[in-house]
Amino acid sequence: MKTVLPIFCLLLPIAAWGGETICLPQYDRCASTVDGKIDKDEYRHSFTDPVTGIMVFWQADSFNLQAALKSPGSGWLAIGLGSGKMNGADMIIGFKDGAGQWVAEEHLGKAFFRHAPVEKPKLAAGKAAAAEGRTILEFILPLKLSNGKEIKPGQNFPFLLAYHKDKVKISKHTKKSANMLMLAREAEKTGK
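Below you can see the structure in the form of structure tokens.
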């Protein structure tokens, strides 16, 4: 199965999308601790986005996407799910609020480059923090998103990555990228 998954991902229409297609195996169970720190072996998969330099650590089980992002900068950091543009994306954003505290919030992207907090967020857990001059955003989000879309195995699912190099309050991004996520069912290996 491990050899079939990478070959399958290579056959996806990457050139037609213009971004990367990232294959993420879906397991029966996953566990991570949302504490604003990325511990060694906490996440089963990772990659560094070649456009933004954002490091993504993540895993998925039958119900949730568990992820941590590490920015190349010290400003706000975000991922948008379900759209290749900000409009329509279910966004998880790490930034400093009016009191100067790092927060993680779920927003919905709107037309004309706007977004607003979700009225009834589905974000199960979220934490933003700064470490060694870089912003970290960690979260758990159900696969059924607030924008009405669902991350399903075997289907291309667009996502965005964006950050600002030093502004901690939400402003225009320094860099952004659009990519595709492909969730693939992976049987648990119990060793028995």
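The sequence shown lines up with residues -18 to -1, 1 to 174 when you count with mature numbering (1 follows the signal peptide of the UniProt record, and there is no 0).
Backbone N, C-alpha and C define an ideal beta-carbon position, used for all residues, glycine too.
Remember, predicted model here, so these are calculated numbers, not experimental data.
In its own chain, which residues sit with a C-beta less than 7 Å from the C-beta of residue i, not counting the 5 before and 5 after it?
i           : result
residue 1   : 159, 160, 161 and 162
residue 141 : 61, 62, 63, 161 and 163
residue 115 : 56
residue 74  : 60, 61, 86, 88, 105, 108, 119, 121 and 123
Helix, strand or coil for residue i, going by three-state DSSP, please let me know.
i           : result
residue 157 : strand
residue 45  : coil
residue 174 : Any reading at residue 174 needs caution, since the residue's pLDDT is 31, under 50, leaving its predicted position unreliable; the model's value is listed next. If DSSP states are grouped into helix, strand and coil, residue 174 belongs with coil.
residue 8   : strand
residue 16  : coil
residue 68  : coil
residue 190 : Nothing can be reported for residue 190: it is not among the residues displayed for the chain, which extend from -18 to 174.
residue 131 : coil
residue 110 : strand
residue 3   : strand
residue 35  : coil
residue 76  : strand
residue 151 : coil
residue 81  : coil
residue -7  : Confidence in residue -7 is poor, its pLDDT being 41 and thus under 50, which makes the residue's placement too unreliable to answer from.
residue 52  : strand
residue 163 : strand
Taking the continuous beta strand (DSSP E) assigned at residue i, which residues delimit it?
i           : result
residue 84  : 84 to 92
residue 27  : 27 to 30
residue 117 : 116 to 124
residue 60  : 59 to 63
residue 140 : 138 to 145
Considering only residues of the same chain and omitting the five flanking positions on each side of residue i, which have a CB-CB separation below 6 Å?
i           : result
residue 11  : 43
residue 46  : 122 and 124
residue 131 : 64
Quick one: what's got a C-beta closer than 8 Å to residue i's C-beta in the same chain, skipping five residues either side?
i          : result
residue 14 : 24, 25, 41, 48, 50, 120 and 122
residue 79 : 85
With a threshold of 6 Å, establish whether the CB of residue i neighbours any heavy atom of the ligand GDP.
i         : result
residue 2 : What this structure holds is no ligand at all, so the ligand GDP is not there to describe.
Query - Validate contact between the stretch 32 to 39 and the stretch 52 to 61 using beta carbons, cut 8 Å, 3 pairs - result: yes
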